[in-house]
Amino acid sequence: MFRNIFAATLLCASSALAVVSYASVTEPVGVDEADPIDTELGLRLPEGFKATIFADKIGRVRHIVAADNGWLYGALARPDKRMGAVAMRDADGDGVAEETVYFAKGLRGTGIGIYDGYLYYGTDVSIIRWKLPDGGAPTEAAELIAHGFAEKRQHAAKTFTFDGKGGLYVNVGAPSNACMEKQRTKGSPGMEPCPILEEYGGIWKFDASKVMQHQIKDGVRYATGIRNAVALDWNESADSLYIVPHGRDQLGEFFPEYFTPEDSAELPSEEFHKVAEGADIGWPYSYYDHRRGARMVMPEYGGDGKTVSDKGQMPLVGFPGHWAPNDLIFPKSTALPEAYHSGAFIGFHGSWNRSPQPQQGYRVAFVPMDAAGNVTGDWITFADGFAGADVIYSPRDAKHRPMGLAEDRAGALYISSLMSDGRIWKITYEGS
Amino acid sequence: MKAASVFCAFSIFVGTAPLFSGALNAKDAKQEPQTEAQRLYEAHCASCHQYDGGGVPMLQPELIGRPRANGAKGGVIDMILFGSATIAPTESDYSNEMPAFSHLTDLEIALIASYVRTHFENEGGPVTSNDVRARRTK
Numbered sequence: 001m002f003r004n005i006f007a008a009t010l011l012c013a014s015s016a017l018a019v020v021s022y023a024s025v026t027e028p029v030g031v032d033e034a035d036p037i038d039t040e041l042g043l044r045l046p047e048g049f050k051a052t053i054f055a056d057k058i059g060r061v062r063h064i065v066a067a068d069n070g071w072l073y074g075a076l077a078r079p080d081k082r083m084g085a086v087a088m089r090d091a092d093g094d095g096v097a098e099e100t101v102y103f104a105k106g107l108r109g110t111g112i113g114i115y116d117g118y119l120y121y122g123t124d125v126s127i128i129r130w131k132l133p134d135g136g137a138p139t140e141a142a143e144l145i146a147h148g149f150a151e152k153r154q155h156a157a158k159t160f161t162f163d164g165k166g167g168l169y170v171n172v173g174a175p176s177n178a179c180m181e182k183q184r185t186k187g188s189p190g191m192e193p194c195p196i197l198e199e200y201g202g203i204w205k206f207d208a209s210k211v212m213q214h215q216i217k218d219g220v221r222y223a224t225g226i227r228n229a230v231a232l233d234w235n236e237s238a239d240s241l242y243i244v245p246h247g248r249d250q251l252g253e254f255f256p257e258y259f260t261p262e263d264s265a266e267l268p269s270e271e272f273h274k275v276a277e278g279a280d281i282g283w284p285y286s287y288y289d290h291r292r293g294a295r296m297v298m299p300e301y302g303g304d305g306k307t308v309s310d311k312g313q314m315p316l317v318g319f320p321g322h323w324a325p326n327d328l329i330f331p332k333s334t335a336l337p338e339a340y341h342s343g344a345f346i347g348f349h350g351s352w353n354r355s356p357q358p359q360q361g362y363r364v365a366f367v368p369m370d371a372a373g374n375v376t377g378d379w380i381t382f383a384d385g386f387a388g389a390d391v392i393y394s395p396r397d398a399k400h401r402p403m404g405l406a407e408d409r410a411g412a413l414y415i416s417s418l419m420s421d422g423r424i425w426k427i428t429y430e431g432s
Numbered sequence: 433m434k435a436a437s438v439f440c441a442f443s444i445f446v447g448t449a450p451l452f453s454g455a456l457n458a459k460d461a462k463q464e465p466q467t468e469a470q471r472l473y474e475a476h477c478a479s480c481h482q483y484d485g486g487g488v489p490m491l492q493p494e495l496i497g498r499p500r501a502n503g504a505k506g507g508v509i510d511m512i513l514f515g516s517a518t519i520a521p522t523e524s525d526y527s528n529e530m531p532a533f534s535h536l537t538d539l540e541i542a543l544i545a546s547y548v549r550t551h552f553e554n555e556g557g558p559v560t561s562n563d564v565r566a567r568r569t570k
């Protein structure tokens, strides 16, 4: 483990050096805090970018994917019209979808993606796929690709990505906060070893084209120590998996002797990781503290907020706590300005566990990276204003909360939100 | 009249309430009985259900104007005592599980249940330690 941390430190050091040369070429600027927020539109973007409301009131849309057939597909976390997915198309190119078709009767899910001519969909207990149609809803029967995931309520969303070489990587979230003996109960110790990691709390790899694979019998635990990586994507140029898992909740509630309300709002960091096969990110034994720049021992395992841990992997970036990263994409086109050609967009749903401090994080961030997948500069806020108010104390008061991200073949970006009955924005670069 | 009876109910509860926070001493708690119930709510419930009872969409239920908090006395008590584990994942609109708080005393649970049933636009009315004891051993 020390070796991992040492390697990550070297990586960070080299990344910091790279900033110097990168900055002279181009650097993403991010939103201008002085710009007004268009509350009807529901977001604010950097200069030169334009947003349209691509779809509105479409239901509780989660992940989205743009197909080469010109349609945008979205998974619905709760069925709308008894359907668990929606297909949308903007045929006349005005940035607003005029065709909307619901499908996936009786299902509900979060994950959606396209690989090798198929549309994949993740319910909480399975990954299925349909032959991708020429347009609109799938017409052929679905195939069951992966199953055997235990039916859980907490962190059950099965999001996924593909390596482009036949591998399917599925997030199997831990049905737990911090692997305590008793769920979210003050004073309950962490289980050691954490038995949850045997079947949850990691990324499982499957064959993207093989039907009826059972998670335990046929799947491979590709990486572990991951509480719940709703946000994951394969970086093609770096040829590696990246994730942004949700950090644990309630540090201050369970350990007020170690964490002030301010500490508990800010910690643990939301961690952006490059994930190699066999990696152990650290949950539940350790967490990252971006204020200290160190991995710390989780208090359920003897930590006190000050003790450094030798377990887990150093992240590439540590974002403030509880921002709830819910999607990650690496843009592929050159339609965006050069500063955005290489890097990661991360959609943050926004916090609920910073109270009594104000909630935070309702935004889309961009992390500049090089082709090898190293971070080359500070992250910036690419889109904000979703919450509709400067200060949000209770998350239900947020008008919109970013959820899924997608890029179409022309390089337009899409952001989904499941609040206010569901909205998707289309974002294009119009500046010179 | 209703507000007065709630106040009295809290006074009775808190008269023997064990205090486990340095933030309040027994004298303060007696002088401000509703603060103890609110303090218990904020210590054990507010991080998930929020300080305004608004909950978190799709994760934790809001408590504002809820049938459970306006219905029979056992509803809120049972949820605190036993958690949400008895509700099947597919039957719930909320993803996070609520743990059992059976380690709290009957009095503490009564205070919290009463707080929820008399705040957040709920009018279910207070419950007593005896109500909690009866549910605990049912």
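Here the protein sequences line up with chains E and A, keeping their order. One point on numbering: in the numbering used here, the residue at position 123 of the first sequence is 123, and numbering is uninterrupted. Every position in the second sequence, counted from 1, becomes a number in the numbering used here once 432 is added. The beta-carbon is built from N, C-alpha and C at its ideal position, and this holds for glycine as well.
* Asked: What's the C-alpha gap between Leu267/E and Tyr288/E?
  -> For Leu267/E and Tyr288/E, the distance between alpha carbons rounds to 8 Å.
* Asked: Apart from the five residues just before and just after Ala55/E, which ones in its own chain have a Cβ nearer than 6 Å to its Cβ?
  -> Within the same chain, Ala55/E has close Cβ partners Met88, Ala97, Ile424.
* Asked: In angstroms, rounded to a whole number, what distance separates the CA positions of Gly557/A and Ala566/A?
  -> Going by the C-alpha atoms only, they are around 17 Å apart.
* **Contact with chain E by Gln463/A, beta-carbon distance below 8 Å** => Only weak support is given to the placement of Gln463/A: the predicted model assigns it a pLDDT of 35, under 50, and the value that follows is read from those uncertain coordinates. It does not; no Cβ of chain E falls within 8 Å.
* Could you round the C-beta distance between Phe386/E and Tyr362/E to whole angstroms and report it? I think they count as a contact, below 8 Å. => At roughly 5 Å, the Cβ-Cβ gap stays under 8 Å, so Phe386/E and Tyr362/E are in contact.
* To do: May I ask you to list the residues that DSSP assigns as paired with Thr428/E?
  => Checking the DSSP bridge columns, you'll see Thr428/E partnered with Lys50/E.
* Test: Arg248/E CB closer than 8 Å to a CB of chain A -> Chain A places no beta carbon closer than 8 Å to that of Arg248/E, leaving this residue out of the contacts.
* **Contacts that Met419/E makes with chain A (C-beta to C-beta distance below 9 Å)** => For Met419/E, the residues of chain A that pass the 9 Å Cβ criterion are Pro489, in the order they occur in the chain.
* Burial state of Pro138/E, where buried means 16 or more other Cβ atoms lie within 10 Å -> It counts as buried.
* DSSP on Ile196/E, reduced to helix/strand/coil? -> DSSP, reduced to helix, strand and coil, places Ile196/E within a helical segment of the structure shown.
* Asked: If you check the beta carbons only, do Asp384/E and Arg62/E fall under 8 Å apart?
  -> Not in contact: Asp384/E and Arg62/E (Cβ atoms no closer than 8 Å).
* Taking one C-beta from the segment 350–369 of chain E and one from the segment 320–335 of chain E each time, how about it: are there three or more such pairs within less than 8 Å? -> Judged by Cβ distances under 8 Å, the segment 350–369 of chain E makes contact with the segment 320–335 of chain E, as three or more pairs qualify.
* Specify the secondary structure class of Thr307/E as computed by DSSP and reduced to three states. => Here DSSP, grouped into helix, strand and coil, assigns Thr307/E to coil.
* Helix, strand or coil at Gln470/A according to DSSP, with G and I counted as helix -> If DSSP states are grouped into helix, strand and coil, Gln470/A belongs with the helices.
* To do: Residues of the segment 250–270 of chain E with a CB closer than 7 Å to any CB of chain A: list them in chain order, please.
  => If you check each beta-carbon in the segment 250–270 of chain E against every beta-carbon of chain A, the ones closer than 7 Å belong to Gln250, Glu253.
* To do: Would you mind sorting Glu271/E into buried or exposed? The rule is 16 or more other CB atoms within 10 Å of its CB.
  => Buried, by the Cβ-count rule.
* To do: Please decide whether Thr531/A counts as near chain E, where near means a Cβ-Cβ distance under 8 Å.
  => Per the sequence shown, residue 531/A should be read as Pro rather than Thr. True, the Cβ-Cβ gap to chain E drops below 8 Å.
* Run of the alpha helix (DSSP H) containing Leu241/E, from where it starts to where it stops -> For Leu241/E, there is no enclosing alpha helix (DSSP H); the enclosing beta strand (DSSP E) covers residues 240–244.
* At a Cβ threshold of 8 Å, is Ala524/A touching chain E? -> According to the sequence displayed, residue 524/A carries Ser and not Ala. Interface residue, yes.
* Asked: Trp423/E bridges to which residues according to DSSP?
  -> First, the amino acid is wrong: residue 423/E is Arg here, not Trp. For Arg423/E, DSSP records a beta bridge to Asp56/E, Ser417/E.
* Asked: Residues in the segment 169–190 of chain E with C-beta within 7 Å of chain A's C-beta atoms, listed in sequence order?
  -> From the segment 169–190 of chain E, only Lys182, Gln183, Arg184, Thr185 have a Cβ closer than 7 Å to chain A.
* Can you tell me where the alpha helix (DSSP H) with Phe254/E in it begins and where it stops? -> In the DSSP assignment, Phe254/E falls within the alpha helix (DSSP H) that extends over 251–254.
* To do: Write down every uninterrupted run of the alpha helix (DSSP H) in the segment 533–563 of chain A whose length is 4 residues or greater and which is fully enclosed by it, in chain order.
  => Restricting attention to alpha helix (DSSP H) runs no shorter than 4 residues, the segment 533–563 of chain A encloses them at 538–550, ordered along the chain.
* To do: Apply the 10 Å Cβ neighbour rule to Gly227/E and answer buried if 16 or more other Cβ atoms are within range, or exposed otherwise.
  => A small correction: the amino acid at residue 227/E is Arg; Gly does not occupy that position in the sequence shown. Flag for Arg227/E reads buried.
* When the Cα atoms are used, what is the spatial distance from Pro133/E to Asn69/E? -> Straight-line Cα distance between these residues: approximately 8 Å.
* Pull out every residue of the segment 474–488 of chain A whose Cβ sits closer than 9 Å to any Cβ of chain E, in chain order. => Those residues of the segment 474–488 of chain A that come within reach of chain E (Cβ to Cβ, closer than 9 Å) are Glu474, Ala475, His476, Ala478, Ser479, Cys480, Gln482, Tyr483, Asp484, Gly485, Gly486, Gly487, Val488.
* Asked: So, are the CB atoms of Pro261/E and Gly252/E less than 8 Å apart?
  -> With a cutoff of 8 Å on beta-carbon distance, Pro261/E and Gly252/E are scored as near each other.
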